[in-house]
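Presented below is the structure to which this report refers.
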Amino acid sequence: MQSILVVSKSKIKREEYVKNLCNKLSISAFDITKIESETTIGIEDVRNIQKNLLLKPATGKSKAIIFNNADSLTLQAQNSLLKILEEPPDHTVIILQVSSKQQTLPTILSRCKIFELKNKPSEISDNELTQYLDILLSLLSYNIGLRLKLAQDISKTKDASFAWIETMILVIRIKMFELISENPSSPLLSQYLNILLSLSKAYKILSSTNTNPRFTLEHFLLNLSY
Numbered sequence: 013m014q015s016i017l018v019v020s021k022s023k024i025k026r027e028e029y030v031k032n033l034c035n036k037l038s039i040s041a042f043d044i045t046k047i048e049s050e051t052t053i054g055i056e057d058v059r060n061i062q063k064n065l066l067l068k069p070a071t072g073k074s075k076a077i078i079f080n081n082a083d084s085l086t087l088q089a090q091n092s093l094l095k096i097l098e099e100p101p102d103h104t105v106i107i108l109q110v111s112s113k114q115q116t117l118p119t120i121l122s123r124c125k126i127f128e129l130k131n132k133p134s135e136i137s138d139n140e141l142t143q144y145l146d147i148l149l150s151l152l153s154y155n156i157g158l159r160l161k162l163a164q165d166i167s168k169t170k171d172a173s174f175a176w177i178e179t180m181i182l183v184i185r186i187k188m189f190e191l192i193s194e195n196p197s198s199p200l201l202s203q204y205l206n207i208l209l210s211l212s213k214a215y216k217i218l219s220s221t222n223t224n225p226r227f228t229l230e231h232f233l234l235n236l237s238y
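In structure tokens:
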């Protein structure tokens, strides 16, 4: 069938797009194989997929092989994928999900139909806004041990780290806009701005480097203050 690359910083957006795509292609959940790893996806994982390609769909006419975090494909694994991506079986669609194209080989990009998902304004309920803001502000009273534990909990994958930082950036921005409208001289504005700058710095580091997400979040949380 076809090889597809879905690009978005948001894991939720990528997965929603892929889910809708599979539904559109009438691919059953029984005919979907997902590959993901908290560390790296290596050449052995790709070889296992090559064996899977020989199998026909279980229930429908088509099946999908989905790499949920293709950013973590090793160089050797990417090279091993080239032939598969160039000539996938007629009954199989191969989908790679990445947060950016920077770590993907140009030869892979040239073999895939690329869908770059545009960022849309996020929506968040008033209750969620209050809850997230309470969580963020409560971090200020956490001791070092609790901050390190939180960094460990939210950095199990790079996508999870991105999602947490994205949410907190959104929350701070919303509260800042509210304050500017209601009380532009509020001292909270500068405090929120400091937190926002720290979050943005952490996000930039995660986006542009191979730094361990846990180390990045630990640095943010340990230095978090008004």
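Start counting the sequence shown at 13; every next residue gets the next number (the working numbering).
Where a beta carbon is used, it is the ideal one built from N, C-alpha and C, also for glycine.
From a predicted model like this one, the values you see are computed outputs, not experimental measurements.
query: Exposure label - residue 109; buried when at least 16 CB within 10 Å; result: buried
query: Rounded C-alpha distance that separates residue 16 from residue 237; result: 43 Å
query: Candidates 140, 194, 26, 226, of which the one nearest residue 168 by Cα; result: 226
query: Straight-line gap, residue 100 to residue 91 (C-alpha atoms, nearest Å); result: 15 Å
query: Nearest-angstrom Cα separation, counted from residue 181 out to residue 152; result: 16 Å
query: Three-state secondary structure (DSSP) of residue 133; result: Residue placement at residue 133 is flagged as unreliable, the pLDDT there being 47, under the threshold of 50; a coordinate-derived value is accordingly withheld.
query: Cα-Cα separation between residue 202 and residue 215, rounded to whole angstroms; result: 20 Å
query: Residue span of the beta strand (DSSP E) that contains residue 111, given as start and end; result: Premise fails: residue 111 is in no beta strand (DSSP E) and is neither H nor E.
query: Buried versus exposed, by CB contacts within 10 Å (16 or more), residue 163; result: buried
query: Span of the beta strand (DSSP E), counted from its first residue to its last, around residue 45; result: 44-47
query: Integer Cβ distance of residue 97 from residue 106, believed to fall under 8 Å; result: 6 Å
query: Start and end residues, beta strand (DSSP E) containing residue 237; result: No beta strand (DSSP E) contains residue 237, which DSSP labels as neither H nor E.
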